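Accompanying notes for the structure given below.
In structure tokens:
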């Protein structure tokens with residue numbers, strides 16, 4: 377089974393939209409790999425350098441309503457081609473969340489107190505995700521473990537490798 | 047227990063229930079444009095699945111960047127064009143016949159009460175104005191829609207938005223929806239359907255209802271929806287006249303989709319709009335909205351009128367009321383993009399295009415273009431645009447640019463003055 381986890385990129389803001397994740401001018405690319413350099417290019421956060429800070433990250437931890445705005449799946453693909461396959465947030469915009477599961481990636485929702493606890497771990501944090509036990513372990517300045525819940529259908533999509541593979545078999 | 051319109055549409059389209067929370071629906075209309083479809087087309091080809099579930103149910107338009115601005119956008123258009131031909135998709139709209147998808151497809155009569163619609167475009171929620179379930183989706187959902195004619199959704203909860211009172215002069219559907227988004231915030235309706243009802247909605251044209259539903263996504267909603275009535279039937283009549291004896295019969299048939307009196311809503315909100323004044327956004331989120339009176343004097347470099355939110359004939363007429371006999375300010379450049387060829391033609395016949403051009407507007411062909419900063423009016427860093435579009439995100443119309451969302455009348459007034467102004471003073 378696909379493994380989920382690794383070094384964390386923290387994005388400390390609510391309502392990060394898909395225009396910030398991948399600006400519209402790059403939507404003219406017809407290969408997912410070509411999106412790679414433009415990850416989070418229009419996201420303005422204090423001290424945040426998109427290309428440098430995203431390097432090596434495999435997990436994003438962020439606040440509420442992540443991925444709002446445009447339906448562009450490019451926002452998921454730009455993470456995928458940068459080896460990020462888990463986003464952990466207080467909440468997601470519907471289309472972004474569905475796009476993640478449709479691509480066989482994980483969009484994990486946690487209560488605010490758990491998100492706060494993850495942010496409190498400081499820098500150099502690594503998260504490992506156990507999908508079977510629906511548990512994640514974060515290691516930073518200390519260790520933090522919490523449970524999460526996945527909708528059974530979303531889990532099936534991840535296990536199937538995405539919605540196309542799932543739908544092609546079933547419908 | 048009674049059902050909402052959305053629950054009725056879900057029940058009538060249920061293909062599968064893969065979990066307690068999810069349902070897979072049969073989709074009646076799969077709409078495609080050249081930005082989010084080509085990667086799906088290429089993927090289907092690579093998988094040896096280059097086919098469509100039903101060419102009659104797939105509607106295709108090149109609208110986001112048209113005419114193509116460079117070889118990349120030309121390639122996207124070509125992928126779409128070749129695919130539509132290869133798969134016998136006859137409802138394909140190319141240069142000369144193309145327009146902004148959410149204005150064009152309703153005009154063609156493709157959206158009917160009770161139908162299900164998806165598109166790889168978040169503003170697909172616009173089509174809920176016809177009493178349909180219409181949702182924006184990503185490219186993978188679109189790809190499965192093209193291949194299998196199905197799409198999965200979580201079971202929808204509905205928020206009932208009742209709009210009462212009477213709109214004052216200078217206040218339009220755009221002002222109403224901006225006010226509602228301010229109240230709900232950008233994720234206040236996430237995973238919910240916003241059902242718009244009440245006397246103000248009943249009295250709105252289809253154009254006004256489309257403006258309302260169009261921005262439901264800006265509150266996070268899956269779809270906006272209005273109950274189909276006589277206004278809906280009259281708009282659709284040229285396309286449905288063979289199906290019903292007369293308009294009364296169509297109105298009666300549409301009633302089966304109406305939410306039941308005892309339907310359950312997750313929330314109910316009432317907005318009395320009698321005292322509402324023109325609204326405008328001030329920040330980088332569409333819920334950062336205030337009365338235009340609080341923004342008067344904000345200098346603008348560009349005025350943009352068009353888009354799936356406000357590029358329809360009523361919008362052009364409203365803007366022209368302000369512009370007639372006036373000139374735009376020296377410090378402003380102003381762009382009008384009628385949303386479809388039909389709107390453009392009608393505006394010419396009504397003398398509106400001349401009014402815009404005499405005022406100093408540049409009138410472009412129908413396209414999404416500048417709304418998402420792709421072409422036809424991208425801002426330079428530091429520039430400010432008064433715009434009738436739907437998103438004011440940081441960088442949306444060009445890196446470093448600032449967008450203030452407002453109604454066509456407010457935008458036209460800003461063009462004349464060169465700064466944001468209360469349009470009611472000019473009416």
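Chains as they are written, first to last, in the working numbering: chain B, 377 to 547; chain D, 47 to 473.
Where is the CB? At the ideal position from N, CA and C, for every residue including glycine.
Since the structure is predicted, the reported quantities are computational estimates derived from the model, not experimental observations.
| field | Per DSSP, the bridge partner or partners of residue 335 of chain D | value | Counting from 1 along the second chain, the entry for residue 335 of chain D is found at position 289. D/327, per the DSSP bridge assignment.
| query | Mapping DSSP to helix, strand and coil, what is residue 230 of chain D? | reply | Counting from one through the second chain, the residue named residue 230 of chain D turns up at place 184. In this structure, residue 230 of chain D counts as helix in the three-state DSSP scheme.
| Quick one: what's got a C-beta closer than 8 Å to residue 451 of chain B's C-beta in the same chain, skipping five residues either side? | For the purposes of this step, residue 451 of chain B is identified with residue 75 of the first chain, where counting begins at 1. Closer than 8 Å at the Cβ level, and outside the excluded window around residue 451 of chain B, lie 394, 397, 398, 443, 472 and 475.
| query | What's the gap between the Cα of residue 470 of chain B and the Cα of residue 381 of chain B? | reply | To locate residue 470 of chain B, count along the first chain from 1; it is residue 94. To locate residue 381 of chain B, count along the first chain from 1; it is residue 5. In a straight line, the C-alpha of residue 470 of chain B is about 23 Å away from that of residue 381 of chain B.
| CB residue 368 of chain D to CB residue 384 of chain D, shorter than 9 Å? | Translated into positions along the second chain, residue 368 of chain D becomes position 322. Translated into positions along the second chain, residue 384 of chain D becomes position 338. No, Cβ-Cβ distance for residue 368 of chain D and residue 384 of chain D is not below 9 Å.
| field | Top-ranked residue by Cα proximity to residue 519 of chain B, from B/430, B/493 and B/412 | value | In the first chain, the residue the question calls residue 519 of chain B occupies position 143. It is B/493 whose Cα lies nearest to the Cα of residue 519 of chain B.
| Partners in chain B for residue 420 of chain D, counting only beta-carbon separations shorter than 9 Å | Within the second chain, the letter at position 374 stands for residue 420 of chain D. Correct list: 400, 401, 403 and 404.
| request: Give, in chain order, every unbroken run of the alpha helix (DSSP H) that is at least 4 residues long and sits entirely within the stretch 438-487 of chain B. | output: 450-456 and 470-478
| Where does residue 407 of chain B land, buried or exposed, given buried means 16+ other C-beta within 10 angstroms? | Working through the first chain from its first residue, we reach residue 407 of chain B at position 31. The residue is exposed, with fewer than 16 neighbouring Cβ atoms inside 10 Å.
| said: Rounded to the nearest angstrom, what separates residue 225 of chain D and residue 313 of chain D at their Cα positions? | reply: Position 179 of the second chain holds residue 225 of chain D. Position 267 of the second chain holds residue 313 of chain D. Their Cα atoms are separated by approximately 17 Å.
| task | Anything in the stretch 429-455 of chain D with a Cβ closer than 8 Å to a Cβ of chain B? List those residues in chain order, please. | result | 437, 439, 440, 441, 442 and 445
| Are three or more beta carbon pairs between the stretch 193-210 of chain D and the stretch 480-487 of chain B nearer than 8 Å? | no
| query | Using Cβ-Cβ distances below 9 Å, what residues of the stretch 443-471 of chain B are close to chain D? | reply | 444, 445, 446, 447, 448, 449, 450, 451, 452, 453, 467, 468, 469, 470 and 471
| said: For residue 290 of chain D and residue 386 of chain D, I'd like the C-alpha separation in whole angstroms. | reply: Position 244 of the second chain holds residue 290 of chain D. Position 340 of the second chain holds residue 386 of chain D. Rounded to whole angstroms, residue 290 of chain D to residue 386 of chain D spans 28 Å at the Cα level.
| message | Our contact map puts residue 105 of chain D next to residue 137 of chain D with C-beta atoms below 8 Å; I'd like the distance itself, whole angstroms only. | response | Taking the first residue of the second chain as position 1, residue 105 of chain D is located at position 59. Taking the first residue of the second chain as position 1, residue 137 of chain D is located at position 91. Correct: roughly 5 Å between the Cβ atoms.
| field | Range covered by the beta strand (DSSP E) that runs through residue 352 of chain D | value | Residue mapping note: residue 352 of chain D aligns to position 306 of the second chain, counting from 1. Unbroken beta strand (DSSP E) run through residue 352 of chain D: 348-352.
| message | Just to make sure I have the definition right: I need the residues of chain D whose C-beta is within less than 8 Å of the C-beta of residue 506 of chain B. Which are they? | response | Here residue 506 of chain B is taken as the residue at index 130 of the first chain, counted from 1. What residue 506 of chain B touches in chain D: nothing, since even the nearest Cβ is about 21 Å away.
| request: Could you name the residues of chain B that residue 133 of chain D contacts, counting a contact when the two beta carbons are closer than 9 Å? | output: Position 87 of the second chain, counted from the start, is the residue given in the question as residue 133 of chain D. Neighbours of residue 133 of chain D on chain B: none; closest Cβ ~17 Å, over 9 Å.
| field | For residue 267 of chain D, three-class secondary structure by DSSP | value | Within the second chain, numbered from 1, the residue matching residue 267 of chain D stands at position 221. In the structure shown, residue 267 of chain D sits in coil (DSSP, three-state: anything other than H, G, I, E or B).
| message | Which residues in chain D have a C-beta closer than 8 Å to the C-beta of residue 500 of chain B? List them in chain order. | response | For the purposes of this step, residue 500 of chain B is identified with residue 124 of the first chain, where counting begins at 1. Under the 8 Å cutoff, chain D gives no residues; its nearest Cβ is about 29 Å from residue 500 of chain B.
| query | Comparing alpha-carbon positions, which option in D/67, D/269, D/268 and D/293 lies nearest residue 280 of chain D? | reply | On the second chain, position 234 is the one that residue 280 of chain D refers to. Closest by alpha carbon: D/293.
| task | Report the three-state DSSP secondary structure of residue 574 of chain B (helix, strand or coil). | result | With chain B covering 377 to 547 only, the question about residue 574 of chain B has no answer from this structure.
| request: List the residues that DSSP assigns as beta-bridge partners of residue 381 of chain D. | output: By 1-based counting over the second chain, the position of residue 381 of chain D is 335. The partner list for residue 381 of chain D (beta bridge, DSSP) reads D/350 and D/408.
| message | Applying the 10 Å Cβ sphere with the 16-neighbour rule, what's the burial state of residue 417 of chain D? | response | By 1-based counting over the second chain, the position of residue 417 of chain D is 371. That one is buried.
| said: I want to see whether chain B comes within less than 9 Å of residue 110 of chain D, judged by CB atoms only; does it? | reply: Residue numbering aside, residue 110 of chain D sits at position 64 when the second chain is read from its first letter. Output row for residue 110 of chain D: interface = yes.
| For residue 420 of chain B and chain D, any beta-carbon pair shorter than 9 Å? | For the purposes of this step, residue 420 of chain B is identified with residue 44 of the first chain, where counting begins at 1. True, the Cβ-Cβ gap to chain D drops below 9 Å.
| For the stretch 395-459 of chain D, which segments carrying the alpha helix (DSSP H) assignment without a break, of at least 4 residues, lie completely within its bounds, in sequence order? | 398-405
| field | Of the residues D/420, D/330 and D/381, the one placed nearest residue 404 of chain D, counting alpha carbons only | value | Reading the second chain from its first residue, position 358 is the one you call residue 404 of chain D. It is D/381.
| With 9 Å set as the bound, which would you pick, yes or no: does the beta-carbon of residue 540 of chain B sit closer than that to a beta-carbon of chain D? | Numbered from its first residue, the first chain carries residue 540 of chain B at position 164. Chain D contact via Cβ: present.
| said: Threshold first: 3 residues or longer. Then list the beta strand (DSSP E) segments lying entirely within the stretch 285-328 of chain D, N to C. | reply: 313-318 and 325-327
| field | Length of the line joining the Cα atoms of residue 406 of chain D and residue 376 of chain D | value | The count along the second chain starts at 1 and reaches residue 406 of chain D at position 360. The count along the second chain starts at 1 and reaches residue 376 of chain D at position 330. Approximately 10 Å between the Cα atoms of the pair.
| query | Around the C-beta of residue 325 of chain D, are 16 or more other C-beta atoms found within 10 angstroms, so that it is buried, or is it exposed? | reply | As a working mapping, residue 325 of chain D is identified with position 279 in the second chain. So residue 325 of chain D counts as buried.
| message | So, for residue 336 of chain D: in the same chain, excluding its five sequence neighbours on each side, which residues have a beta-carbon less than 6 Å away from its beta-carbon? | response | Position 290 of the second chain, counting from 1, holds the residue named residue 336 of chain D. Answer for residue 336 of chain D: 328, listed in chain order.
| field | Beta-carbon separation (whole angstroms), residue 465 of chain D vs residue 323 of chain D, contact threshold 8 Å | value | The sequence position of residue 465 of chain D within the second chain is 419, counting from 1. The sequence position of residue 323 of chain D within the second chain is 277, counting from 1. That belief does not hold up - the Cβ atoms of residue 465 of chain D and residue 323 of chain D are roughly 17 Å apart, past 8 Å.
| query | Name the chain D residues whose beta carbon is nearer than 9 Å to that of residue 409 of chain B? | reply | By 1-based counting over the first chain, the position of residue 409 of chain B is 33. Under the 9 Å cutoff, chain D gives no residues; its nearest Cβ is about 11 Å from residue 409 of chain B.
| request: Return the bridge partner residues of residue 345 of chain D from the DSSP annotation. | output: Counting from one through the second chain, the residue named residue 345 of chain D turns up at place 299. Partner(s): D/465.
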